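Heads up, the sequence shown is in our numbering, so the first residue is 1 and it goes up one at a time.
We treat Cβ as the ideally placed atom computed from N, Cα and C, and that holds for glycine.
All values reported here derive from a predicted model rather than from experimental measurement.
Report on the following structure.
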Amino acid sequence: MSRRPPRRTAGRETGSGAQGGTSWERVATWYDGWVGDHGSAYHRELAIPAVLDLLQPQPGEEILDVGGGQGVLAPYLNDAGASVTVVDASEKLIAAARRRHVALPRARFLVGDARRLPTVSGL
Numbered sequence: 001m002s003r004r005p006p007r008r009t010a011g012r013e014t015g016s017g018a019q020g021g022t023s024w025e026r027v028a029t030w031y032d033g034w035v036g037d038h039g040s041a042y043h044r045e046l047a048i049p050a051v052l053d054l055l056q057p058q059p060g061e062e063i064l065d066v067g068g069g070q071g072v073l074a075p076y077l078n079d080a081g082a083s084v085t086v087v088d089a090s091e092k093l094i095a096a097a098r099r100r101h102v103a104l105p106r107a108r109f110l111v112g113d114a115r116r117l118p119t120v121s122g123l
């Protein structure tokens with residue numbers, strides 16, 4: 001797996017995410033492969049520990065992860081007893097999250113625009 005995303009092709013992108021697509025649609029497959037099941041080295045060594053330290057998730061809490069892609073934080077938040085709703089504009093990344101985290105009991109994955117969040121019961 002290359003550490004670099006695919007190069008941009010000529011012309012305007014027309015991804016299928018919320019509000020007509022995002023730049024992430026173009027690199028979603030590459031990014032999902034790079035992040036993998038447990039996060040990239042960056043996620044495992046820096047981002048995830050920092051987010052967990054900052055949030056200090058507690059059992060019963062509901063956490064909204066806006067721009068959460070394929071849900072790399074979701075298992076860690078679930079392990080802490082929190083419920084998580086991941087919203088991302090990339091349909092491909094949300095589809096990857098749903099495939100990867102199908103067994104998580106307290107996780108939802110929604111396609112949505114951070115500027116106009118979908119209505120979600122409990123939020």
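Between the alpha carbons of Q56 and D88 lies a distance of about 22 angstroms. Around the Cβ of Y42, a 10 Å sphere holds fewer than 16 other Cβ atoms; the residue is exposed. Taking C-alpha positions only, G68 is separated from F109 by approximately 9 angstroms.
The C-beta distance from Q58 to A96 rounds to 27 angstroms, too long to meet the 8 angstroms contact threshold. Annotation: W30 to W24 spans about 10 angstroms, alpha carbon to alpha carbon.
Boundaries for R100: no beta strand (DSSP E) harbours it, while the alpha helix (DSSP H) harbouring it runs 91-100, taken from the DSSP string. Looking at I48, G33, G39, R115, the one whose alpha-carbon comes closest to that of A80 is I48. By a beta-carbon distance limit of 8 angstroms, A74 contacts V84. Their separation comes to about 5 angstroms. Collapsing the DSSP output to three states places R108 in a strand. Nearest C-alpha to G33 among A107, R100, L64: R100. One alpha carbon belongs to I63, the other to A82, and they sit about 7 angstroms apart. C-alpha of E91 to C-alpha of V111: approximately 6 angstroms in a straight line.
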